[in-house]
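Remarks on the structure that follows.
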Amino acid sequence: MKTILVTGGTGYIGSHTVVELLNLNYEVVIIDNLSNSKEMVLDRIEKITGKRPKFYKGDIRSREDLNKIFKENKIDCVINFAGLKAVGESVRMPLEYYENNIYGAVVLLEEMKKNGVFNFIFSSSATVYGDPASVPVDETFPTGGTTNPYGTTKLFIERILQDLAVAEPEFNICILRYFNPIGAHPSGLMGEDPNGIPNNLAPYITQVMVGKREKLNIFGDDYDTPDGTCIRDYIHVCDLAYGHVCAIKKLEEKPGVVVYNLGTGKGSSVFDILHAFEKAYGKPIPYSVAPRRAGDVTANYTKVDKAAKEIGFTAKYNIEDMARDAWNWQKNNPNGYEE
Ligand code: NAD
Ligand code: UD1
């Protein structure tokens, strides 16, 4: 496979994946409506790789936008990052989430089919496991029990993809269930740039470090874990980006539909993450303990055996690397991608 259409390619995970693809000499075409990213990301991608991906400002819900791309480029594979991802917002605006994420994916798949493009990689999430009965989770664990519409869009799209693979054997589909991507490109030129107050742990911590927030609120220290805080499987965004290359190679074997968890296999608590950032910072980071956040599960981390065996994916970076690179990005770009 040579030419990859990356939807949502100017976003956080998409941009890091585009860098990885360009460095490996894939041709990259991006479609993004810039609802949660900036065009300036393209300059940063070019600075890092020496190449500028072809960019279409457009929407995956627009058949016209998609057809233009499929007519003008010979696409071999689509990676679908485009989607809305804020958990709290999805509770307030479920219809927007179902329309953007699910309808968007359906339109994209229909237009792929019409244009004879049958390789698809989907950004799913560990959230599809709900509150797992035990950890580590593997890909055979039951899915369901999502606690918010965002998570439910992932669950429904996975189901649509399974049904599509049965009905249309020409499709080859890789569902990637990401655990908690954090960190940034080691150059400090690309990273996570959330709008408003960050919902997620790592960008909240780096905003405290840069003086934009007063202190971290730790959501509960009375969970049944060694230090009382929740446990997650944090994965460096550059490792995650590489996971997509492994998925592309897998699709060349025409496997039908395949599912992989992408994580490191190591569970880290909120305090472990805080301490990793303190190491990068060289001083303490202010925090206080706040009540539990609704919908949080005690622990979720993955088994890595299936991805290692079947697609050769193993994460290289640890949480100290993730903290160092996230901090390097934030301190060089205190206001994200703003000029
Ligand atoms: P992001 O918001 O940074 O990137 C998504 C990109 O898609 C943005 O650039 C946005 O402008 C674009 N977009 C949204 N709707 C679109 C549409 N209809 N048409 C065209 N472009 C559109 O998010 P991210 O963190 O890079 O996540 C990428 C994907 O991975 C998402 O589907 C997300 O749900 C999934 N995911 C993310 C995480 C995480 O922790 N970041 C975890 C699991 C899964
Ligand atoms: C959340 C979403 C998940 C989504 C993922 C990436 C929920 C329930 N889950 O995962 O669906 O795929 O983000 O967008 O929202 N924490 C603090 N203080 C903070 C922020 C977070 O203590 O200010 C804690 C949380 O309680 C949690 C851990 O840090 O224990 C990680 O939180 P977060 O980064 O939001 O990720 P998840 O909740 O795992």
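Note that our numbering has the sequence shown beginning at 242, numbered continuously upward. Note that CB positions come from ideal geometry on N, CA and C, so glycine has one too.
heavy atom of the ligand UD1 below 7 angstroms from residue i C-beta
i, result
"Leu417", "no"
"Ser366", "yes"
"Ile526", "no"
"Lys326", "yes"
"Tyr370", "no"
"Asn441", "yes"
"Leu503", "no"
"Asn458", "yes"
"Asp404", "no"
"Asn436", "no"
"Gly392", "yes"
"Asp306", "no"
Contact test: residue i Cβ vs the ligand NAD heavy atom, cutoff 7 angstroms
i, result
"Asn277", "yes"
"Asp300", "yes"
"Ala323", "yes"
"Gly249", "yes"
"Gly252", "yes"
Buried versus exposed, by CB contacts within 10 Å (16 or more), residue i
i, result
"Ile362", "buried"
"Lys491", "buried"
"Asn360", "buried"
"Arg333", "exposed"
Rounded C-alpha distance that separates residue i from residue j
i, j, result
"Val500", "Ala488", "10 angstroms"
"Gly345", "Thr394", "11 angstroms"
"Val449", "Leu442", "11 angstroms"
"Gly386", "Ser375", "14 angstroms"
"Tyr419", "Tyr542", "10 angstroms"
"Glu268", "Lys315", "10 angstroms"
"Lys453", "Ser331", "25 angstroms"
"Pro532", "Ala567", "26 angstroms"
"Asp424", "Gln571", "First, the amino acid is wrong: residue 424 is Gly here, not Asp. Spanning the two alpha carbons is a distance of roughly 10 angstroms."
"Ser364", "Tyr391", "12 angstroms"
"Val328", "Ile343", "15 angstroms"
"Ser256", "Lys524", "31 angstroms"
"Lys292", "Glu313", "19 angstroms"
"Val378", "Pro422", "17 angstroms"
Residues near residue i in its chain [Cβ-Cβ closer than 6 angstroms; skip 5 each side]
i, result
"Ala556", "Ile476, Asp480, Thr505"
"Gly250", "Val259, Ile271, Asp273"
Cβ-based neighbour list, residue i, same chain, cut-off 8 angstroms, excluding 5 preceding and 5 following
i, result
"Cys471", "Phe460, Gly461, Tyr464, Ser510, Val511, Asp537, Val538, Thr539, Ala540"
"Ile289", "Val260, His426, Ser428, Leu430, Met431"
"Pro410", "Gly497"
* Asked: If we count Cβ pairs, one from each stretch, closer than 8 angstroms, do we get three or more for the segment 289-298 versus the segment 317-330?
  -> no
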